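The opening residue of the sequence shown carries number 767 in my numbering; numbering runs sequentially from there.
The C-beta atom is built at its ideal place from N, Cα and C for all residues, glycine as well.
What you are looking at is a predicted structure, and each value in this text was computed from that prediction instead of being measured.
Notes for the one structure printed next.
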Amino acid sequence: MSSISNDFKKAIESSKASLLHEIKDLVGSDVFQDKQFNKSCISLINKVFLKVHSPITPKKSLKLLAHTFYKVALAKNYPIILICPLASETAIKEIYYFLEFTKIFRENDCEIIVHFLMIKWEKLTDIAKLSYNESQKQYEKKLDKIIEICQSIDYAFKVKVIPVDPDKAGLNFTSYHFASYFNHILKSCLYREYLDRELNRDIKWIVDFYNRQNSFHQYGDQQAIYDLAIRRAIGNLYKKEYYQSQNQDHDLNYLMITSELNKRLILCYDTVIPIINIKTS
């Protein structure tokens, strides 16, 4: 086994141990004396971590994740929202991995609601080759395919495919708020205005990261900043929704499921919601 594989395995085991510790800290070790709960909780954690591509991020969200996993393991009818961002460029390939991952939660009696955010997210160089109408037609064709895939499967929970277009704020309520966040963040990044410490840090990192990658550097700094703004808009959108649900005393639990190739990209979402980054290969 290579040192990289070894390090990855250690990081995953450490993340699992931290989550289990948070659950015990939340409910007390005595709860694990219940054999049914203990079996359900350990099984849930093991199944989830078999499919992860990186440790749970951000670490500060582990308490929220522990709270959610505790409720799932209890097999009660608690509402859990799984947020799955899909980039239109890779959505048709990757959605099957997301659907497979959601099976883990079907085995428990929770009220699962899956939000597939079908984001018009392409390479800027590809967008530039097409007229807006041509680009929109391609996006809508992929959107229809995603809806078709979702409708062809018999679910034990609710599934919503939500179109999100950074250029079309009026598409729906979610897209409106997404576009608002996206345009504000993109402007801040491009003109280096109103940057907080985290955003400034992420701009420097992602530009450098894209420049170092053979598959990315050809697209330039603008693509890196565009992609950062999309991730940040997703994170801000659900950060706000989470805080609103807490203020209204709604017992909603949020998990974001991503398919990022590099674990550092997860921090670019800058959200409070736990992110589970899954394998898609």
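Beta-carbon proximity list for residue i, same chain, < 7 angstroms, skipping 5 on both sides
{"i": "VAL778", "result": "Residue identity differs from the one stated: residue 778 is Ile in this sequence, not Val. Excluding sequence neighbours, ILE778 sits near PHE815, VAL818 and PRO821."}
{"i": "SER901", "result": "ILE893"}
{"i": "ASN938", "result": "ILE928 and PRO929"}
{"i": "ASN804", "result": "PHE798"}
{"i": "ILE789", "result": "CYS807, ALA832, PHE835 and TYR836"}
{"i": "PRO851", "result": "LEU883, ILE885, ILE1000 and THR1024"}
Candidates the options: closest to residue i by CA position
{"i": "GLN984", "options": "LYS889, PHE871, GLU914 and ILE861", "result": "LYS889"}
{"i": "CYS876", "options": "ASN1019, CYS850 and LYS1029", "result": "ASN1019"}
{"i": "ALA995", "options": "LEU865, VAL973 and ALA783", "result": "VAL973"}
{"i": "SER784", "options": "ASN772, SER981, THR868 and LYS825", "result": "LYS825"}
{"i": "LEU865", "options": "TYR1008, VAL925, GLU1007 and TYR976", "result": "VAL925"}
Local conformation of residue i per DSSP, three classes
{"i": "LEU852", "result": "strand"}
{"i": "PHE982", "result": "coil"}
{"i": "GLU873", "result": "coil"}
{"i": "TYR836", "result": "helix"}
{"i": "THR823", "result": "strand"}
{"i": "LYS790", "result": "helix"}
{"i": "THR1024", "result": "strand"}
{"i": "LEU883", "result": "strand"}
Same chain, Cβ closer than 6 angstroms to residue i, five either side skipped, listed in chain order
{"i": "PHE774", "result": "none"}
{"i": "PRO932", "result": "ALA945 and PHE948"}
{"i": "CYS807", "result": "ALA839"}
{"i": "LEU830", "result": "PRO1040"}
{"i": "TYR844", "result": "LYS837 and CYS876"}
N-terminal and C-terminal residue of the beta strand (DSSP E) that residue i is part of
{"i": "LEU1033", "result": "That residue, LEU1033, is in no beta strand (DSSP E); it is neither H nor E in DSSP."}
{"i": "ASN1043", "result": "1041-1043"}
{"i": "ASN1028", "result": "Element bounds for ASN1028: n/a, residue is neither H nor E."}
{"i": "ASN928", "result": "This sequence places Ile at residue 928; Asn is not what is there. Note, ILE928: beta strand (DSSP E), 924-930."}
Contact set for residue i: own chain, Cβ-Cβ below 8 angstroms, skip 5 residues either direction
{"i": "LEU965", "result": "ILE951, SER954, CYS955, ARG998 and ASP1036"}
{"i": "HIS833", "result": "LEU792 and ASN1019"}
{"i": "LEU909", "result": "SER854, MET884, VAL927 and PRO929"}
{"i": "GLU1026", "result": "HIS819, SER820, ILE1032 and ASN1043"}
Residue range of the alpha helix (DSSP H) that includes residue i
{"i": "THR940", "result": "939-957"}
{"i": "LYS889", "result": "LYS889 -> no alpha helix (DSSP H), and no H or E assigned at all."}
{"i": "LEU810", "result": "801-816"}
{"i": "GLN904", "result": "898-917"}
Three or more C-beta pairs below 8 angstroms linking the segment 912-929 and the segment 854-862: Yes, they touch.
Cβ contact check for the segment 1000-1010 and the segment 974-990: 3 or more pairs under 8 angstroms: Here the segment 1000-1010 does not lie against the segment 974-990, with fewer than 3 beta-carbon pairs under 8 angstroms apart.
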